[in-house]
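**Student:** Next up is a structure, given as structure tokens.
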């Protein structure tokens, strides 16, 4: 309704969070917001330019400049360049498949471990190539259209979405629907997709849901106020299901994942430990056990993949102050024994 620096700071903070977490999906949402703001500042109820600059432009610009400076400093300290992003560094080192469908796969790097090649070439490249076909593109679009509502709403909260048709005649929903459409169309250009990638648009989806519930509340089945009954019951069911899950989790024995169990076991041992992991040839590349803390040398437990011969000896010599263990994740249960060359 009017420019306020508090609201502008909230907008800037949201953009800063998206820039440092999910930048692409954040850009999709930010584009829709930018269009709405441009319409506002050029419309008949636009604020005076001086007020707009002072209350909106300056707060957002200052906050985003601070964010850009902090991210550039982080990148410089970790990667040696203020413009080098962590994700790009990872993809340049290991990946063959690019992120977007119009891009071209890179030459295959020299992998030192079969499990790495199985993941980046055997799995990712196959998914990417399938997504670039007409059938794969259509299949991916349908799958995302089906899984996203279930992920964000579940079965109970999906009931109000039966009123979506009415939202097309509700002017309050036009911006929300357009922004949701831009976000969804944008992710169709991405080869790899998980529902939580669209987390930046969570508030957008729930705003649409609330408008749908408002229309549902007015729905009548004959003389019965069926919609009002459903709108009252749906939140109660959600709370009930939440409590049931809490009770179930509280009463269930806590069982860690196998790798976590081994990690905790090694952490309880005196001194520092080196875990060398040996996979079977057909090990599932999605179930990798080797990842480490940021400061590897200072970690209580360091994980590494077995390479055999001189390479393992070089690793053990480097970590000569550690007890060395052989971890075999594919045994049932996983086997941990003192390492013997």
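In the numbering used here, the protein residues as written are 37 to 377.
Every residue gets a Cβ at the ideal spot worked out from N, C-alpha and C, and that includes glycine.
Rounded to a whole number of angstroms, what is the C-alpha to C-alpha distance between residue 62 and residue 236?
**Tutor:** Stepping through the chain shown from its first residue, residue 62 is reached at position 26. Stepping through the chain shown from its first residue, residue 236 is reached at position 200. Approximately 6 Å, taken between the alpha carbons.
**Student:** Quick one: residues in its chain with C-beta nearer than 8 Å to the C-beta of residue 29, no 5 flanking neighbours on either side, listed in chain order?
**Tutor:** Nothing can be reported for residue 29: it is not among the residues displayed for the chain, which extend from 37 to 377.
**Student:** Can you list, in chain order, the residues of its chain whose CB lies under 7 Å from that of residue 211, leaving out five sequence neighbours each side?
**Tutor:** The residue given as residue 211 occupies position 175 in the chain shown. Counting only Cβ-Cβ distances below 7 Å, and skipping sequence neighbours, we find 72.
**Student:** Using 8 Å for Cβ pairs, my map puts residue 267 next to residue 282. What's the rounded Cβ distance?
**Tutor:** Taking the chain shown and counting its residues from 1, the one referred to as residue 267 is at position 231. Taking the chain shown and counting its residues from 1, the one referred to as residue 282 is at position 246. About 24 Å; that fails the 8 Å criterion.
**Student:** In angstroms with no decimal places, state the Cα-to-Cα distance between residue 111 and residue 271.
**Tutor:** To locate residue 111, count along the chain shown from 1; it is residue 75. To locate residue 271, count along the chain shown from 1; it is residue 235. Their Cα atoms are separated by approximately 44 Å.
**Student:** Look at the alpha carbon of residue 361 and the alpha carbon of residue 269, and state the distance between them as a whole number of angstroms.
**Tutor:** Position 325 of the chain shown, counted from the start, is the residue given in the question as residue 361. Position 233 of the chain shown, counted from the start, is the residue given in the question as residue 269. Residue 361 and residue 269: Cα-Cα distance of roughly 56 Å.
**Student:** For a quick check, are the C-beta atoms of residue 219 and residue 53 less than 7 Å apart?
**Tutor:** Within the chain shown, the letter at position 183 stands for residue 219. Within the chain shown, the letter at position 17 stands for residue 53. No.
**Student:** Output yes or no for whether 7 Å exceeds the beta carbon distance between residue 39 and residue 92.
**Tutor:** Locating residue 39 in the chain shown gives position 3, counting from the first residue. Locating residue 92 in the chain shown gives position 56, counting from the first residue. Yes, these two residues count as a Cβ contact at 7 Å.
**Student:** Just how far apart, CA to CA, sit residue 365 and residue 196?
**Tutor:** Taking the first residue of the chain shown as 1, we reach residue 365 at position 329. Taking the first residue of the chain shown as 1, we reach residue 196 at position 160. Their backbone Cα atoms lie some 46 Å apart in a straight line.
**Student:** Taking the beta carbon of residue 74 as the centre, do at least 16 other beta carbons fall within 10 Å, making it buried, or is it exposed?
**Tutor:** As a position in the chain shown, residue 74 is number 38, starting the count at 1. Exposed, because fewer than 16 other Cβ atoms sit within 10 Å of the Cβ of residue 74.
**Student:** Would you call residue 68 buried or exposed, if buried means 16 or more other Cβ atoms sit within 10 Å of its Cβ?
**Tutor:** Reading the chain shown from its first residue, position 32 is the one you call residue 68. Residue 68 comes out buried.
**Student:** Return the CA-CA distance between residue 371 and residue 299, expressed in angstroms with no decimal places.
**Tutor:** Start at 1 with the first residue of the chain shown, and residue 371 comes out as number 335. Start at 1 with the first residue of the chain shown, and residue 299 comes out as number 263. So the alpha carbons of these two residues sit roughly 12 Å apart.
**Student:** Just mark residue 48 as buried or exposed, buried being the case when its beta carbon has 16 or more other beta carbons within 10 Å.
**Tutor:** For the purposes of this step, residue 48 is taken as residue 12 along the chain shown, with counting starting at 1. Classification of residue 48: buried, given that the 10 Å Cβ count is 16 or more.
**Student:** Would you call residue 244 buried or exposed, if buried means 16 or more other Cβ atoms sit within 10 Å of its Cβ?
**Tutor:** The residue labelled residue 244 in the question sits at position 208 within the chain shown. Buried is the call here.
**Student:** In or out: residue 227 buried (at least 16 other Cβ within 10 Å) or exposed?
**Tutor:** Here residue 227 is taken as the residue at index 191 of the chain shown, counted from 1. Residue 227 is buried by the Cβ-count criterion.
**Student:** Buried or exposed: which applies to residue 310, given that a residue is buried once 16 or more other Cβ atoms fall within 10 Å of its Cβ?
**Tutor:** As a first step, residue 310 must be located in the chain shown, where it is residue number 274. Buried is the call here.
**Student:** Just the C-alpha distance for residue 82 and residue 209, rounded to the nearest angstrom, thanks.
**Tutor:** One-based indexing of the chain shown puts residue 82 at position 46. One-based indexing of the chain shown puts residue 209 at position 173. For residue 82 and residue 209, the distance between alpha carbons rounds to 21 Å.
**Student:** Can you tell me which of 180, 285, 340, 132 puts its alpha carbon nearest to the alpha carbon of residue 155?
**Tutor:** Mapped onto the chain shown, residue 155 falls at position 119. Nearest of 180, 285, 340, 132 to residue 155, Cα basis: 132.
**Student:** Since I believe residue 247 is in contact with residue 203 (beta carbons under 8 Å), could you give me their beta-carbon distance rounded to a whole number of angstroms?
**Tutor:** As a working note, residue 203 is residue 167 in the chain shown. As a working note, residue 247 is residue 211 in the chain shown. Right, their Cβ atoms sit about 6 Å apart.
**Student:** Tell me where the beta strand (DSSP E) around residue 311 begins and ends.
**Tutor:** For the purposes of this step, residue 311 is taken as residue 275 along the chain shown, with counting starting at 1. Run containing residue 311: 308 to 313, per the beta strand (DSSP E) assignment.
**Student:** Between the beta-carbon of residue 192 and the beta-carbon of residue 273, is there less than 7 Å?
**Tutor:** The residue given as residue 192 occupies position 156 in the chain shown. The residue given as residue 273 occupies position 237 in the chain shown. Yes, the Cβ-Cβ distance between residue 192 and residue 273 is below 7 Å.
**Student:** To which residues of the same chain is residue 238 closer than 6 Å at the C-beta, ignoring the five residues directly before and after it?
**Tutor:** If you number the chain shown from 1, residue 238 lands on position 202. Closer than 6 Å at Cβ, skipping near neighbours: no residue.
**Student:** May I ask which residues mark the beginning and end of the beta strand (DSSP E) holding residue 358?
**Tutor:** Position 322 of the chain shown holds residue 358. That run of the beta strand (DSSP E) goes 358 to 364.
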